[in-house]
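Chemist: To start, I am sharing the structure in question, which I have written as structure tokens.
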Amino acid sequence: METGRAWGGFLEAPLKFRAPGVTIPIGLGIGRLVFRALNAVEAALAVVVIVAVAVGGAPAAVVEPTTAVAVLLLAQLAVVRPVLNRRSDRVLAGEDLPRSHSHLWYVALELLKVAALIALGIALLTA
0 METGRAWGGF
10 LEAPLKFRAP
20 GVTIPIGLGI
30 GRLVFRALNA
40 VEAALAVVVI
50 VAVAVGGAPA
60 AVVEPTTAVA
70 VLLLAQLAVV
80 RPVLNRRSDR
90 VLAGEDLPRS
100 HSHLWYVALE
110 LLKVAALIAL
120 GIALLTA
């Protein structure tokens with residue numbers, strides 16, 4: 000349901016703020032564009048995989064990790080991303096806020112998604 004972008008995202012997100020000339024507003028703007036595009040691709044691929052699994056009559060060993068990945072992606076998109084977007088709106092409006100722990104939730108869900116994708120790959124290879 001997702002490409003190798005997870006590892007790139009883990010590196011890209013914090014590093015962009017360390018690049019010369021990248022201010023917080025510029026970094027947030029870049030991050031929002033990148034994650035919006037990547038999440039749209041993830042969602043589209045998730046739909047394709049879910050349909051393929053549903054139509055193909057996949058065994059439980061394939062359905063379970065597929066479901067896990069879909070639920071984790073949904074949690075990122077429906078729960079964590081809106082919180083991060085509201086926060087970045089406030090920062091872009093000039094508010095000085097303490098560090099956010101919402102990013103940690105996004106990263107935790109991303110790590111769980113990677114584990115579920117590995118399990119899905121193994122299930123597909125052994126099915």
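Numbering (numbering that gives the first Met the number 0), first residue to last: 0 to 126.
C-beta atoms are modelled at their ideal positions from N, C-alpha and C, and glycine is treated no differently.
On the three-state DSSP scale, how would you describe residue 96?
Modeler: As a working note, residue 96 is residue 97 in the sequence shown. Of the three classes helix, strand and coil, the one that applies to residue 96 here is coil, per DSSP.
Chemist: Between the alpha carbons of residue 49 and residue 77, how many angstroms are there, rounded?
Modeler: Reading the sequence shown from its first residue, position 50 is the one you call residue 49. Reading the sequence shown from its first residue, position 78 is the one you call residue 77. Their backbone Cα atoms lie some 18 Å apart in a straight line.
Chemist: Would you decide whether residue 61 is buried or exposed? Buried here means 16 or more other CB atoms lie within 10 Å of its CB.
Modeler: One-based indexing of the sequence shown puts residue 61 at position 62. It counts as buried.
Chemist: Taking C-beta to C-beta, are residue 107 and residue 64 nearer than 7 Å?
Modeler: As a first step, residue 107 must be located in the sequence shown, where it is residue number 108. As a first step, residue 64 must be located in the sequence shown, where it is residue number 65. Contact: no.
Chemist: Taking the C-alpha atoms as reference points, what is the distance between residue 51 and residue 126?
Modeler: Here the question's residue 51 lines up with position 52 in the sequence shown. Here the question's residue 126 lines up with position 127 in the sequence shown. Approximately 15 Å, taken between the alpha carbons.
Chemist: Thinking C-beta only, is residue 46 closer than 7 Å to residue 116?
Modeler: Locating residue 116 in the sequence shown gives position 117, counting from the first residue. Locating residue 46 in the sequence shown gives position 47, counting from the first residue. No, the pair does not count as a contact, with Cβ atoms beyond the cut-off.
Chemist: Among the residues of its own chain, which have a CB less than 6 Å from the CB of residue 74, if the five just before and after it don't count?
Modeler: What you label residue 74 is simply residue 75 of the sequence shown in a count that begins at 1. Contacts found: 108.
Chemist: Are there 16 or more other CB atoms within 10 angstroms of the CB of residue 40, so buried, or fewer, so exposed?
Modeler: Numbered from its first residue, the sequence shown carries residue 40 at position 41. Residue 40 comes out exposed.
Chemist: What is the rounded straight-line gap between the Cα of residue 112 and the Cα of residue 34?
Modeler: Reading the sequence shown from its first residue, position 113 is the one you call residue 112. Reading the sequence shown from its first residue, position 35 is the one you call residue 34. Taking the straight line joining both Cα atoms gives about 16 Å.
Chemist: Is residue 1 buried or exposed, if buried means 16 or more other CB atoms sit within 10 Å of its CB?
Modeler: Reading the sequence shown from its first residue, position 2 is the one you call residue 1. Low confidence applies here, because residue 1 scores a pLDDT of 46, under 50, leaving its location unreliable; read the following figure in that light. Buried, by the Cβ-count rule.
Chemist: Taking the continuous alpha helix (DSSP H) assigned at residue 34, which residues delimit it?
Modeler: As a working note, residue 34 is residue 35 in the sequence shown. Its alpha helix (DSSP H) spans residues 23-55.
Chemist: Return the first residue and the last residue of the alpha helix (DSSP H) that residue 120 is part of.
Modeler: Residue 120 sits at position 121 when you count from the first residue of the sequence shown. Here the alpha helix (DSSP H) through residue 120 covers 101-125.
Chemist: Can you say whether residue 120 is buried or exposed, counting buried as having 16 or more other CB atoms within 10 angstroms of its CB?
Modeler: For the purposes of this step, residue 120 is taken as residue 121 along the sequence shown, with counting starting at 1. With fewer than 16 other Cβ atoms within 10 Å, it is exposed.
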